[in-house]
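Colleague: Residue numbers (our numbering), protein chains in the order written: chain A, 19 to 263; chain B, 2 to 322.
Ideal Cβ positions, reconstructed from N, Cα and C, are used throughout, including at glycine.
These numbers come from a predicted model, not from an experiment.
Let me give you the structure first, and then I'll get to my questions.
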Amino acid sequence: MKILVCISNVPDTTSKISFTDNNTKLNTSGIQYIIGPYDEYALSRAIELKEAAGGTVTVLNVGEADTEPTIRKALAIGADDAIRINAFPKDAFYVASQIAAVVKSENYDLILMGRESIDYNSGLVHGIVGELLGIPSVSPVMKLDIEGGKAIMSREIEGGKEIVEAQLPLVAGCQEPIAEWKIPNMRGIMSARTKPLKVVEPTDVADNVKLLNYELPAPKGACKMIDASTPEKLFDLLKNEAKVL
Amino acid sequence: MSVLVFVEGAGGEIKKSSLEAVGYASALAKKINTQAVALVIGNYSDDQISSLGKFGASKVLSCKNDKLSQPLPMPYASAIAEAAKKENADTIILSRSSVVDAIASRLALKLGAGIVTNVVDLPDLSSGFKVKKSIYTGKAFAFYDLTSAKKVITISKNAYSAVEGSGSATVEAFDPQLSDSDFKVQIKETQKATGDVLLTEADIVVSGGRGLKGPENWNLVIDLAKALGAATGCSKPVSDLDWRPHHEHVGQTGVKVSPNLYIALGISGAIQHLAGVNSSKVIVVVNKDPEAPFFKAADYGIVGDVFEVVPKLIEAAKALK
Ligand SMILES: Cc1cc2nc3c(=O)[nH]c(=O)nc-3n(C[C@H](O)[C@H](O)[C@H](O)COP(=O)(O)OP(=O)(O)OC[C@H]3O[C@@H](n4cnc5c(N)ncnc54)[C@H](O)[C@@H]3O)c2cc1C
């Protein structure tokens, strides 16, 4: 089986977010970049599937040269080779169009990615890739097995789950607990340096949304403390002050 | 020209988040001097369907095709696209949900529309079509201009309040053309928790963390939730330890919630947990550790032992009625 895993290069969850240039650019100083956590679940499942049934796992990232450490980490976790589409990932439609252009010539059986990236939280790339390629997409997938050329999945819904079946090829937007999260070992880290990483130039994509600027939420006021001996006072405040009861 | 809004249901009821979307669509329609048309797919009572008029829809398209009895993204996207064309809709509004991401992405492509998800406010139309979107899991906002002729927007839950008025809507049957190629995914089984308040739709959420010590103490969380008519949630270790089901796990890797009131009992407030709750309107924290990071994100705090404080809260909550 030929599996493609699309990964995003995103600020670590614990990053403090701030902006520069009149709120038009992310302030990247002090930010550590990681593989999108949902994408990392997808990668872990791809490697498990390969270990169980053979095949190849290729990772793909739409990003400029500075994302290569993140791609190398995916190779260290166990992907066989990598593709970097040399472009700034400006929005979901742009990223999905780049992915679809690469996939068209390669015939992957399974395209895995996270349910959303943790920077823009758009949750659109899987669906757009599926639509562009004319193949099914399912998200958010919590369990995925391949049986007789079909994918059997469990998909999260509000307050429960659905068991879903689809023919390959398929795009899946993944989330936990789809796989055990894998930590690269020494051998993986060493071999990642020599695994192939192909750089592909992007295709032109028309713009239909334009990012203008960013804003930080208003700072939180101080937390009002209530004495533990009279916790019922909380409800007066919730009713009369916060007006949420 | 019109604004089309997709209405989703759960368990035979129209979702509160969809009513918010209808309200949003109707407010937008007013701004641009047009009407809001709601598309409802599924078997709902006549009362439920016509009640959409009270939330601002001028017209409701009701689609009861059996082939669409399950919420499959591909045929739903096709059906909504067809309705958008029929109603000459320039803007299509959906409320974000586990199924809407997959629908909205395909819908935007079918219409050649620009799309922005997680929108938290009405568009600013003073120059262009400017929307505000929540990013970095609630840590910031981004403003986008949708420059395409057609636009698809998904709004975040609780970003817009649904207000019931006295309007009424005309109801029209709608039966879209369905193509076999849209049925490549099949739902074999649906497993749903019943009877509880749905976590993602709830106005109030009471969550418990590892501070509860074990599943045998969960009655504290459940009883407080019951007394307040709230849904229950938990932190990740709690679901990892199987004290509570996975679908209750709130946070970055779990469910994201944005209720009016979030009450956290014995939860430290790690950044990954906050990422799922920081767009709640009001946060209350009970933790015995005054240094717990959750107090920095909270509006009201009680430093105390959950085993002493929560029983008193339950009594007081029962007395509220
Ligand atoms: C990639 C990644 C993703 C993650 N995603 C999530 C996520 O989506 N959601 C999530 O929740 N976590 C997530 N986590 C885990 C997160 O970092 C924390 O470990 C977790 O939220 C801690 O849960 P907790 O507060 O219940 O437990 P603990 O950290 O054990 O904290 C328990 C708290 O209870 C208090 N306490 C103990 N006893 C009492 C008592 N008797 N009365 C009152 N208070 C008491 C303690 O003071 C403490 O603050 C993620 C971690 C990683 C690395």
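Closer than 7 angstroms to a non-hydrogen atom of ligand 2 - does that hold for the CB of A/V28?
Modeller: Although ligand 2 was asked about, the structure shown includes only ligand 1 as ligands.
Colleague: Could you run through the stretch 30 to 55 of chain B and flag, in chain order, every residue whose CB is less than 7 angstroms away from some CB of chain A?
Modeller: none
Colleague: Using a beta-carbon distance below 8 angstroms, is B/Y137 in contact with chain A?
Modeller: Judged by the 8 angstroms Cβ criterion, B/Y137 is in contact with chain A.
Colleague: List, in order along the chain, the chain B residues whose C-beta lies closer than 9 angstroms to that of A/P187?
Modeller: Those do not exist, as A/P187 stays about 10 angstroms from chain B at its closest Cβ, beyond 9 angstroms.
Colleague: Which residue from B/Y301, B/V100 and B/N89 puts its Cα closest to that of B/L112?
Modeller: B/N89
Colleague: Counting only Cβ-Cβ distances shorter than 9 angstroms, please list the residues of the stretch 193 to 214 of chain A near chain B, keeping chain order.
Modeller: Q193, E194 and P195
Colleague: Where does A/S157 sit, in a helix, a strand or coil, going by DSSP?
Modeller: strand
Colleague: Are there three or more Cβ pairs, one per stretch, closer than 8 angstroms when the stretch 53 to 72 of chain B is compared with the stretch 140 to 148 of chain B?
Modeller: When C-beta atoms of the stretch 53 to 72 of chain B are compared with those of the stretch 140 to 148 of chain B, fewer than three pairs fall below 8 angstroms, so the two segments do not count as touching.
Colleague: Could you give the distance in angstroms between the alpha-carbon of B/S208 and the alpha-carbon of B/S18?
Modeller: Those two C-alpha atoms are separated by around 21 angstroms.
Colleague: Would B/V258 and B/V206 be called neighbours here (beta carbons separated by less than 8 angstroms)?
Modeller: yes
Colleague: Using 8 angstroms for Cβ pairs, my map puts B/C64 next to B/F175. What's the rounded Cβ distance?
Modeller: 5 angstroms
Colleague: Less than 8 angstroms between CB atoms is the rule here; does B/V100 satisfy it with respect to chain A?
Modeller: Between B/V100 and chain A, the shortest Cβ-Cβ separation is below 8 angstroms.
Colleague: When Cβ atoms are compared, which residues of the stretch 138 to 163 of chain B fall closer than 8 angstroms to chain A?
Modeller: T138, G139, K140, A141, F142, A143, F144, Y145, D146, L147, T148 and S149
Colleague: Can the beta-carbon of B/G24 be found closer than 8 angstroms to that of B/S162?
Modeller: yes
Colleague: By the DSSP assignment, the alpha helix (DSSP H) with A/E58 in it spans what residues?
Modeller: That run of the alpha helix (DSSP H) goes P55 to A71.
Colleague: If contact means a Cβ-Cβ distance below 8 angstroms, which residues of the stretch 173 to 186 of chain A contact chain B?
Modeller: For the stretch 173 to 186 of chain A, which is checked against every Cβ of chain B, the residues closer than 8 angstroms are R173, E174, I175, E176, G177, G178, K179, E180, I181, V182, E183, A184 and Q185.
Colleague: Hey, out of B/V6, B/K31 and B/L20, whose CA is closest to B/A78's CA?
Modeller: The candidate whose alpha carbon is nearest that of B/A78 is B/V6.
Colleague: Quick test of your reading: B/V120 and B/I156, contact by CB under 8 angstroms. State the CB separation rounded to the nearest angstrom.
Modeller: 5 angstroms
Colleague: Answer yes if the stretch 51 to 63 of chain A comes into contact with the stretch 92 to 109 of chain A, meaning at least three C-beta pairs across the two stretches below 8 angstroms, and no otherwise.
Modeller: yes
Colleague: If I measure Cβ to Cβ from A/R63 and keep anything under 7 angstroms in the same chain, skipping five residues before and after, which residues do I get?
Modeller: L130, L162, C192, I196 and A197
Colleague: Between A/G145, A/E194, A/A110 and A/V156, which has its C-alpha nearest B/V256's C-alpha?
Modeller: A/E194
Colleague: Which residue or residues does DSSP assign as beta-bridge partners of A/G178?
Modeller: A/I175 and B/K193, per the DSSP bridge assignment.
Colleague: Applying a beta-carbon distance threshold of less than 8 angstroms, which residues of chain B neighbour A/I244?
Modeller: Y301, G302 and I303
Colleague: Starting from B/K131, follow the beta strand (DSSP E) in both directions and report where the run begins and ends.
Modeller: K131 to I136
Colleague: Classify B/F144 as helix, strand or coil using the three-state DSSP reduction.
Modeller: strand
Colleague: Does ligand 1 have even one heavy atom less than 7 angstroms from the beta-carbon of B/R211?
Modeller: Annotation for B/R211 indicates a beta carbon within 7 angstroms of some heavy atom of ligand 1.
Colleague: With a threshold of 7 angstroms, establish whether the CB of B/S19 neighbours any heavy atom of ligand 1.
Modeller: no
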